[in-house]
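Residue numbering for the sequence shown is 1 to 568, as defined by full-length UniProt numbering. From the three backbone atoms N, C-alpha and C, an ideal C-beta is built for every residue, glycine too. I have placed the structure first, in the form of structure tokens, so that the comments after it can refer back to it.
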Amino acid sequence: MICRIGQWCVWPQDYHSIPAPQCWTDTLMDLMIEQIVLQRYPDGAGVSVMSCSAVSAAIHHEISAEFAAQVMSSHDASLYCIIPVNVRNHWQMIVLDVAERVVHYYCSLREHNTVVLSSLLSLVELSGKHTGCTSWKIETHDGAPVQTNAFDCGPFSCLFLKHLLHGIDMNFGDRESAALRTDLKFMIDAVSTPVVPATDKLKTKPDGSATQLTQFQQKFLSASDNWQSPDVDLQAVYDEVVESIVSGHNEPSSRNTSRLQKKSPGKGGKGQVRRRSAVTRDPAWLKSASAVQKAFNSAPARTVNAILRRPNACPSFTATQVADHYFNLRPAVTSLAPEVIDILPPPATDHSMLVAELSESEVWEKMQKAPNSAPGADRITIRMVRMADPGAMILTRFYRACLLRKWVPLQWKQSVCKLLYKDGDKERLANWRPIALEPVLQRVLSAVVASRVTNWARANGLISLEAQKGFQPADGTSEHNFVMEVAIQEARRTNAQLAISWLDISNAFGTVSHQLLFSLLERYGLDPTFTSFIQNLYKDATIVVKGANGTHVTARWSVGVRQGDPCS
Numbered sequence: 001m002i003c004r005i006g007q008w009c010v011w012p013q014d015y016h017s018i019p020a021p022q023c024w025t026d027t028l029m030d031l032m033i034e035q036i037v038l039q040r041y042p043d044g045a046g047v048s049v050m051s052c053s054a055v056s057a058a059i060h061h062e063i064s065a066e067f068a069a070q071v072m073s074s075h076d077a078s079l080y081c082i083i084p085v086n087v088r089n090h091w092q093m094i095v096l097d098v099a100e101r102v103v104h105y106y107c108s109l110r111e112h113n114t115v116v117l118s119s120l121l122s123l124v125e126l127s128g129k130h131t132g133c134t135s136w137k138i139e140t141h142d143g144a145p146v147q148t149n150a151f152d153c154g155p156f157s158c159l160f161l162k163h164l165l166h167g168i169d170m171n172f173g174d175r176e177s178a179a180l181r182t183d184l185k186f187m188i189d190a191v192s193t194p195v196v197p198a199t200d201k202l203k204t205k206p207d208g209s210a211t212q213l214t215q216f217q218q219k220f221l222s223a224s225d226n227w228q229s230p231d232v233d234l235q236a237v238y239d240e241v242v243e244s245i246v247s248g249h250n251e252p253s254s255r256n257t258s259r260l261q262k263k264s265p266g267k268g269g270k271g272q273v274r275r276r277s278a279v280t281r282d283p284a285w286l287k288s289a290s291a292v293q294k295a296f297n298s299a300p301a302r303t304v305n306a307i308l309r310r311p312n313a314c315p316s317f318t319a320t321q322v323a324d325h326y327f328n329l330r331p332a333v334t335s336l337a338p339e340v341i342d343i344l345p346p347p348a349t350d351h352s353m354l355v356a357e358l359s360e361s362e363v364w365e366k367m368q369k370a371p372n373s374a375p376g377a378d379r380i381t382i383r384m385v386r387m388a389d390p391g392a393m394i395l396t397r398f399y400r401a402c403l404l405r406k407w408v409p410l411q412w413k414q415s416v417c418k419l420l421y422k423d424g425d426k427e428r429l430a431n432w433r434p435i436a437l438e439p440v441l442q443r444v445l446s447a448v449v450a451s452r453v454t455n456w457a458r459a460n461g462l463i464s465l466e467a468q469k470g471f472q473p474a475d476g477t478s479e480h481n482f483v484m485e486v487a488i489q490e491a492r493r494t495n496a497q498l499a500i501s502w503l504d505i506s507n508a509f510g511t512v513s514h515q516l517l518f519s520l521l522e523r524y525g526l527d528p529t530f531t532s533f534i535q536n537l538y539k540d541a542t543i544v545v546k547g548a549n550g551t552h553v554t555a556r557w558s559v560g561v562r563q564g565d566p567c568s
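Following this line, the structure appears as structure tokens:
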């Protein structure tokens with residue numbers, strides 16, 4: 001039996017000969033799961049198929065189907081299914097996309113005794129809906145705290161697909177199947193967060209030539225075929241790319257012209273700068289709950305300041321003070337003790353997600369998700385890049401050339417320091433976070449590299465999913481908060497003593513040894529293409545630090561990683 005999930009078909013390998021139905025229901029999904037359970041557990045053995053809307057809890061904590069049966073509501077039955085799996089065996093599935101490409105993979109569960117399958121009704125149907133998934137809460141199970149969540153269907157369907165890929169280890173049956181792992185990731189990401197490929201909006205003339213390309217794409221399309229050649233000066237290419245993006249944005253006909261820059265004719269004359277009105281100072285969107293939510297998702301700090309009417313904090317330190325405090329430092333650790341090296345994970349063996357060539361959809365996805373944050377020294381914003389190269393046709397080719405030739409532009413080695421206030425006394429430098437403002441073209445490639453390296457590290461067990469909750473696809477820090485909350489509640493309920501210790505490493509990002517970092521990447525077997533990219537970013541790198549008195553200092557980036565860079 002085959003279940004259809006949006007544009008995907010998922011079924012057990014033993015049922016691959018049965019044709020797929022045109023549509024499917026929850027009953028079909030339940031029947032399919034029951035058949036899988038009976039196949040793995042012929043005698044039943046107390047196995048029951050349960051449904052749950054809070055799949056995140058099942059993935060991150062050991063929840064059996066029997067235990068879930070005691071807390072699940074009937075409303076959850078139409079959303080997700082959980083089945084027990086023998087942890088000593090592999091449970092195989094086949095994922096088929098609309099192009100008839102088959103990807104074989106295994107779900108290998110090391111410390112989880114459940115595997116979660118999606119019965120999403122339809123990703124298209126769930127997208128944007130707010131059906132109010134039933135939330136359920138459990139304090140402890142066998143002495144272990146368990147987190148519970150409640151999500152709206154639309155965002156949660158995306159979250160589940162991310163968990164399916166990132167939260168469960170996948171071991172592939174053979175090398176040929178392993179080579180398709182990267183494609184599988186892009187397929188899952190495309191379903192959970194659809195992206196527009198560069199070729200979707202391209203049409204062809206009768207002579208076969210492409211149309212509907214932007215001026216930027218038309219300018220570089222033919223020349224980009226030779227960028228990987230060692231005879232091409234990539235620095236000159238990059239300078240021309242930057243100039244073309246800026247000049248295209250500044251054209252009078254550009255749609256990017258800010259509405260606040262000029263007045264329209266008849267309202268005081270063309271070219272006059274508009275003053276901020278009372279509505280701008282006290283925006284009306286603050287009275288709309290949905291508008292506030294959208295604003296908070298895109299710019300949390302700015303939204304909170306607008307609600308509380310708090311002025312932005314301005315640092316009062318000189319450039320020399322900032323440079324001496326954050327950049328003119330020595331690394332805290334330059335080598336690892338032998339006892340630490342002995343407990344490090346073994347080198348990676350699966351490099352399939354690294355060797356695949358960069359795709360346009362992969363780069364375009366990062367461009368779409370990139371926040372419209374402060375630009376670098378070139379003043380290029382992500383919106384300007386999206387307008388110039390929709391679909392990332394040209395930038396993908398440039399990034400391929402950079403990685404292949406193990407080279408980065410000189411502008412990527414230069415950044416500007418911006419201090420962001422955290423909390424506490426504003427006169428203490430320790431209460432400010434130094435953010436490196438980098439060129440947006442670098443941040444996009446750094447995001448692609450960071451995503452691939454993270455997936456590679458997770459697939460090879462180089463990251464502890466139990467201990468490290470930050471910088472993970474899921475919001476793992478909330479799990480630590482939940483565990484602490486449950487521990488405190490349990491101590492109060494039983495009138496027991498509870499000791500909690502906090503460990504805060506001062507300036508952890510700013511004291512990382514570059515040499516130690518690079519040696520660890522080589523020890524773990526990171527592909528030289530990505531190792532060289534990271535090394536070139538920090539080789540002879542500098543940062544411009546501006547002070548409150550108008551002075552500025554250029555400091556060498558000899559220690560620490562760039563805060564704000566996706567690779568950090």
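Take A392, set aside five residues on each side of it, and the residues of its chain with a beta-carbon closer than 7 Å to its own are A198, E360, V363, W364, M367, in chain order.
Looking at the DSSP output, H552 sits in a beta bridge with K546. Using a C-beta cut-off of 8 Å, the stretch 419-433 makes no contact with the stretch 533-540, since fewer than three inter-stretch Cβ pairs fall below that distance. Pairwise C-beta distances place the stretch 432-444 in contact with the stretch 365-385, as three or more of them are shorter than 8 Å. About 13 Å separates the beta carbon of K546 from that of A374, a gap too long to meet the 8 Å contact definition. The DSSP-derived three-state label of A370 is coil.
Taken through DSSP and simplified to helix, strand or coil, K418 comes out as strand.
Short of 6 Å from the beta carbon of L213, and not among the five residues preceding or following it, lies no beta carbon of its own chain.
Annotated three-state conformation of A467 is coil, per DSSP. Taking a C-beta distance under 8 Å as the contact criterion, V242 and I380 qualify as a contact pair. When the alpha-carbon of V246 is set against those of V385, P315, P300, the nearest one is in V385.
Counting along the chain, R562 sits inside no beta strand (DSSP E), nor does DSSP assign it H or E at all. DSSP places P434 outside any alpha helix (DSSP H); the residue lies instead in the beta strand (DSSP E), whose first and last residues are 432-437.
Membership of S222 in any alpha helix (DSSP H) is not indicated, and neither H nor E is assigned to it by DSSP. Around the beta carbon of F530, 16 or more other beta carbons lie within 10 angstroms, which makes this residue buried. Classified as buried, P409 has 16 or more neighbouring CB atoms from the shown chains inside 10 Å of its CB. By the C-beta density criterion, S506 is exposed, having fewer than 16 other C-beta atoms within 10 angstroms. With a cutoff of 8 Å on beta-carbon distance, L234 and C402 are scored as near each other. Taking a C-beta distance under 8 Å as the contact criterion, A388 and F216 qualify as a contact pair. H325 and K287 have their C-alpha atoms spaced approximately 42 Å apart. When the five nearest sequence neighbours on each side are left out, the beta carbons in the same chain lying within less than 8 Å of the beta carbon of K219 are those of S244, in order along the chain. Check the Cα spacing between V333 and each of E522, I543, H514: the tightest is with H514.
Taking every protein chain shown into account, the CB of W432 has 16 or more other CB atoms within 10 angstroms, so this residue is buried.
K294: member of the alpha helix (DSSP H) spanning 289-298, first to last residue.
Residue environment: Q497 is assigned as exposed (fewer than 16 neighbouring CB atoms within 10 Å of its CB, all protein chains considered).
Take the alpha-carbon of T554 and the one of W407: they are about 23 Å apart.
The residue from C567, F296, D239 with its alpha-carbon nearest to that of N455 is C567. In this structure, DSSP gives G391 a state outside helix and strand, which the three-state scheme calls coil.
Of the residues assessed, E438 falls on the buried side of the cut-off, its CB having 16 or more other CB atoms within 10 angstroms. Rounded to the nearest angstrom, the gap between the Cα atoms of Q472 and D423 is 25 Å. Only buried fits I394, as 16 or more other CB atoms lie within 10 angstroms of its CB. Looking only at D231, V232, F327, A295, the smallest Cα-Cα distance to V512 is reached by F327. Annotation for W456: the continuous alpha helix (DSSP H) segment containing it runs 440-459. The three-state secondary structure of V486, taken from DSSP, is helix.
Annotation for D342: the continuous alpha helix (DSSP H) segment containing it runs 338-342.
When only Cα atoms are considered, G376 and I463 end up about 31 Å apart.
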